[in-house]
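Count the sequence shown with our numbering and you get residues 46 to 508, in order.
Glycine included, C-beta positions come from ideal geometry on N, C-alpha and C.
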Amino acid sequence: MSIFINNSLSRKKEEFVPLNPPQVNIYTCGVTVYDDCHIGHARSLYIFDVIRRFLSYRGFEVNFVRNITDIDDKIINRAKELQIDWKDLVKKHIDGYYADLESLGIGKADYEPRATENISEMIKYIEALIKKDYAYQVKSGVYFDVRKFKDYGKLSGQSIDQMESGTRVEPLEEKRDPLDFALWKSSKENEPFWDSPWGKGRPGWHIECSVMSQKFLKADTLDIHAGGRDLIFPHHENEIAQAEALTGKPFAKYWIHHGLLTINGQKMSKSLGNFVTISDFIKKYRSSDILKLFFLSAHYSHPIDYSENKIDEARQALERISILIGKIGKQAGRKVVGKKIKEIEEARDKFIESLDDDFNTPKGLACVFDLINITNKRIDDFDFALNAKNAIEELLGLLGFSLKTHAALAGISDEEIEAKINERSKARQDNNFALADKIRKELEENGVILEDGKDNSAWRRKL
Ligand SMILES: [Zn+2]
Numbered sequence: 046m047s048i049f050i051n052n053s054l055s056r057k058k059e060e061f062v063p064l065n066p067p068q069v070n071i072y073t074c075g076v077t078v079y080d081d082c083h084i085g086h087a088r089s090l091y092i093f094d095v096i097r098r099f100l101s102y103r104g105f106e107v108n109f110v111r112n113i114t115d116i117d118d119k120i121i122n123r124a125k126e127l128q129i130d131w132k133d134l135v136k137k138h139i140d141g142y143y144a145d146l147e148s149l150g151i152g153k154a155d156y157e158p159r160a161t162e163n164i165s166e167m168i169k170y171i172e173a174l175i176k177k178d179y180a181y182q183v184k185s186g187v188y189f190d191v192r193k194f195k196d197y198g199k200l201s202g203q204s205i206d207q208m209e210s211g212t213r214v215e216p217l218e219e220k221r222d223p224l225d226f227a228l229w230k231s232s233k234e235n236e237p238f239w240d241s242p243w244g245k246g247r248p249g250w251h252i253e254c255s256v257m258s259q260k261f262l263k264a265d266t267l268d269i270h271a272g273g274r275d276l277i278f279p280h281h282e283n284e285i286a287q288a289e290a291l292t293g294k295p296f297a298k299y300w301i302h303h304g305l306l307t308i309n310g311q312k313m314s315k316s317l318g319n320f321v322t323i324s325d326f327i328k329k330y331r332s333s334d335i336l337k338l339f340f341l342s343a344h345y346s347h348p349i350d351y352s353e354n355k356i357d358e359a360r361q362a363l364e365r366i367s368i369l370i371g372k373i374g375k376q377a378g379r380k381v382v383g384k385k386i387k388e389i390e391e392a393r394d395k396f397i398e399s400l401d402d403d404f405n406t407p408k409g410l411a412c413v414f415d416l417i418n419i420t421n422k423r424i425d426d427f428d429f430a431l432n433a434k435n436a437i438e439e440l441l442g443l444l445g446f447s448l449k450t451h452a453a454l455a456g457i458s459d460e461e462i463e464a465k466i467n468e469r470s471k472a473r474q475d476n477n478f479a480l481a482d483k484i485r486k487e488l489e490e491n492g493v494i495l496e497d498g499k500d501n502s503a504w505r506r507k508l
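Structure representation (structure tokens):
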């Protein structure tokens with residue numbers, strides 16, 4: 046079975062055939078570290094983590110690069126506003142970014158290059174573009190000459206004249222064309238700078254991605270370039286122009302873009318007071334699984350609207366899974382029968398088929414929930430239930446779900462819970478109901494819910 050991807054470049058669903066299978070080279074545009082990461086960033090980070098995981102599951106050897114933009118106008122301006130050194134601002138937010146990745150349960154990329162650590166390669170790249178006559182130097186820096194690159198606009202499907210309507214050249218920029226973009230910006234007073242053949246300055250934003258993707262993936266043509274829909278123009282259009290002008294080869298075979306996130310139908314912004322950071326979310330809900338389930342309920346390419354109601358729906362759905370797994374988990378001492386069970390195999394196949402089709406996670410999740418419904422009905426058929434539990438855990442695990450609130454956040458580990466329950470069972474056997482009640486209360490305070498059965502107690506964490 047093949048995988049199909051909706052390629053933003055061709056605007057068609059295409060069979061996924063990497064250039065050198067089983068290797069797959071993926072580059073995704075990462076964060077600019079001038080502020081805390083919010084749940085819109087979380088969607089981008091998570092969606093591409095899912096794609097990376099799924100391609101690995103399907104047997105590909107994935108090389109995954111996600112950059113960190115650590116020099117940029119936004120960083121310089123924010124540091125000025127806060128009256129702190131830009132390097133301190135960057136350090137604070139890189140630390141925050143890695144803490145967020147950890148609390149989301151999203152792995153690091155194979156490479157996480159930072160712009161400021163690759164300046165000399167960018168300078169060489171720009172020199173080569175000038176030499177090929179695709180770029181020119183003026184007082185304010187070095188610009189890419191978009192009119193020289195005949196395919197400019199192919200990703201966003203616009204002509205240069207369409208893109209140009211409404212834009213104008215700021216007098217100080219000395220550009221030949223309003224769409225020309227900076228490869229190198231001369232530094233103004235009190236701005237960070239690096240020495241270059243064009244004087245003191247810093248790289249433009251777009252150049253870092255062309256340079257670092259090709260450098261760290263060791264390829265002129267990437268298999269997949271990914272990012273948010275908001276980056277198509279001008280950022281990705283400019284990355285293509287730089288890379289293809291230099292190498293004469295296609296920059297990326299497949300372009301994948303995720304849809305954007307709104308909150309209650311509005312754009313998320315600090316001024317509207319609807320800004321939800323990743324750490325705020327985790328503090329409130331104590332589970333990244335809830336956010337993940339919410340993200341996967343929409344196709345990655347579609348917009349998604351965040352609301353407390355939808356998060357609550359995701360929380361309830363996870364609770365259903367948690368109850369089921371908890372119930373079956375109590376039978377875990379029994380041996381799982383290795384034989385394949387038709388309904389479970391079918392659910393797994395359908396799940397994979399759904400994700401093969403342009404990573405259709407809403408459809409994939411529906412297969413998992415169908416299996417959960419069947420299993421709830423057949424809970425007393427232990428062989429079926431145990432095999433189903435394993436399949437549910439495998440498929441949700443593949444999507445990066447932890448399926449439990451993090452022990453550190455919940456304050457009590459699974460082992461401690463089991464020990465408390467054993468202690469309580471003994472107390473009940475000894476008719477020491479005061480102690481049994483005390484332990485139950487203590488567990489409840491730690492977010493653990495007990496369901497007493499005839500012989501033993503099932504438990505689950507409150508999500
Ligand atoms: Zn980029």
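(Q) Does chain C have any CB closer than 8 Å to the CB of Ile96? (A) In summary, chain C is missing from the structure at hand, where a single protein chain is found.
Q. How about Glu282: is its Cβ closer than 7 Å to a heavy atom in ligand 1?
A. Taking non-hydrogen atoms of ligand 1 into account, the C-beta of Glu282 is found less than 7 Å away from none of them.
Q) With DSSP run on the structure shown, which of helix, strand or coil describes Gln311? A) Note: Gln311 maps to strand in three-state DSSP.
Q: Compute the distance between the beta-carbons of Glu331 and Gly304, then report whether it is under 8 Å.
A: Sequence inspection shows Arg at residue 331; the Glu mentioned does not correspond to that position. Contact flag unset, no.
(Q) Tell me which residues share the same chain as Val191 and place their Cβ nearer than 7 Å to its Cβ, disregarding the 5 neighbours each side in the sequence. (A) Tyr197, Ile205, Asp222, Leu224, Asp225, Ala286
Q | Beta carbon nearer than 5 Å to a non-hydrogen atom of ligand 1 | A | Cys74, Cys254
Q: Please specify which runs of the beta strand (DSSP E), each continuous and at least 3 residues long, are wholly inside the stretch 316 to 397, giving them in chain order.
A: Entirely contained in the stretch 316 to 397, the beta strand (DSSP E) runs reaching 3 residues are, in chain order, 349 to 351.
(Q) My parser needs the alpha helix (DSSP H) runs of 4 or more residues fully inside the stretch 57 to 144; what are they? (A) For the stretch 57 to 144, whole alpha helix (DSSP H) runs of length 4 or above, ordered along the chain, are 84 to 102, 118 to 127.
Q: Could you name the residues of the same chain whose beta carbon sits closer than 8 Å to that of Ser55, not counting the 5 residues immediately before and after it, in chain order?
A: none
Q.
Taking the alpha carbon of Ser324 as the reference point, which residue from Phe429, Glu460, Asp145, His347 has its own alpha carbon closest?
A. Asp145
Q: Can you tell me the Cβ-Cβ gap for Ile84 and Phe446, rounded? I've got them flagged as a contact below 8 Å.
A: About 17 Å; that fails the 8 Å criterion.
Q. With contact counted as at least three CB pairs below 8 Å, one residue from each stretch, are the stretch 427 to 441 and the stretch 403 to 416 in contact?
A. Touching, yes, given that three or more Cβ pairs across the two stretches are closer than 8 Å.
Q. Relative to the C-alpha of Ser53, which residue among Ser502, Ile462, Phe340, Ala297 is closest?
A. Nearest Cα to Ser53 within the set Ser502, Ile462, Phe340, Ala297: Ala297.
Q | C-beta atoms of Ile120 and Leu134 nearer than 8 Å | A | Cβ atoms of Ile120 and Leu134: closer than 8 Å.
Q) Given 8 Å as the limit, is there contact between the stretch 306 to 315 and the stretch 65 to 72, that is, 3 or more CB pairs closer than that? A) The stretch 306 to 315 vs the stretch 65 to 72: no contact.
(Q) Counting C-beta neighbours from all protein chains within 10 Å, is the total for Leu127 16 or more, i.e. buried, or is it exposed? (A) With fewer than 16 Cβ atoms within 10 Å of its Cβ, Leu127 is classed as exposed.
Q: Have a look at Asn431 and Ile366 and give me their C-alpha separation to the nearest angstrom.
A: It is Leu, not Asn, that sits at residue 431 in the sequence shown. Approximately 14 Å between the Cα atoms of the pair.
Q. What first and last residue would you give for the alpha helix (DSSP H) that runs through Phe414?
A. 406 to 422
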